[in-house]
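**Q** My questions will all concern the structure given below.
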């Protein structure tokens, strides 16, 4: 997956799609932010800085304070691919985020999404 186009795409371009997907299903931007912050260790201010700086996914995850230790419990299929079997570490982090947003949009409770 080296050189995959998503790696150089600005996180800020995809972020509104995450919010739209959640809001179409009656969820909120705050819940999307909570999930992203949980996964990456960013606080709300740090997340907003990443968006404002238009950092790509490579930079977004490279600068993430710390991936949540429970992210290893994120399992399932996103775009026909099992997230736990993705070999490229960056692509796996992106798929983790996609999976969590999918779970939010499907109405899963936050406690379950955040693997509490």
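Numbering (our numbering), first residue to last: 7 to 122.
Every residue gets a Cβ at the ideal spot worked out from N, C-alpha and C, and that includes glycine.
(1) Ordered along the chain, which non-local residues of its own chain (more than five positions away) have a Cβ less than 6 Å from that of residue 83?
(2) Roughly how many whole angstroms lie between the Cα atoms of residue 7 and residue 94?
(3) At 4 residues or longer, and completely inside the region 68-120: list those alpha helix (DSSP H) runs for me, N to C.
(4) Could you please give the first and the last residue of the uninterrupted alpha helix (DSSP H) stretch that includes residue 25?
(5) For residue 56 and residue 34, what's the separation of their Cα atoms in angstroms?
(6) Express the C-alpha separation of residue 81 and residue 10 in angstroms, rounding to a whole number.
(7) For residue 12, which residues in the same chain have their Cβ closer than 7 Å to its Cβ, ignoring the five residues on either side in sequence?
(8) Work out the CA separation of residue 67 and residue 117 for me, nearest whole Å.
(9) Which residues in the same chain as residue 90 place their Cβ atom closer than 7 Å to its Cβ, once the five residues preceding and following it in sequence are excluded?
**A** In this structure, then:
(1) Within the chain shown, numbered from 1, the residue matching residue 83 stands at position 77. For residue 83, same chain residues with a beta-carbon under 6 Å away, outside a window of 5 residues either side, do not exist.
(2) The count along the chain shown starts at 1 and reaches residue 7 at position 1. The count along the chain shown starts at 1 and reaches residue 94 at position 88. Here the model assigns residue 7 a pLDDT of 44, short of 50, so the residue's position is not dependable and the matter cannot be decided.
(3) For the region 68-120, the continuous alpha helix (DSSP H) assignments of 4+ residues that do not extend past its boundaries occur at 95-111, 116-119, in sequence order.
(4) In the chain shown, counting from the first residue as 1, residue 25 sits at position 19. For residue 25, the uninterrupted alpha helix (DSSP H) segment begins and ends at 17-30.
(5) On the chain shown, residue 56 is found 50 positions in, with the first residue counted as 1. On the chain shown, residue 34 is found 28 positions in, with the first residue counted as 1. About 20 Å.
(6) In the chain shown, residue 10 corresponds to position 4, counting from 1. In the chain shown, residue 81 corresponds to position 75, counting from 1. Straight across, the Cα-Cα distance linking residue 10 with residue 81 is about 22 Å.
(7) Numbered from its first residue, the chain shown carries residue 12 at position 6. Closer than 7 Å at Cβ, skipping near neighbours: 63, 100.
(8) The residue labelled residue 117 in the question sits at position 111 within the chain shown. The residue labelled residue 67 in the question sits at position 61 within the chain shown. About 23 Å.
(9) For the purposes of this step, residue 90 is taken as the residue at position 84 of the chain shown. Result list for residue 90: 81, in chain order.
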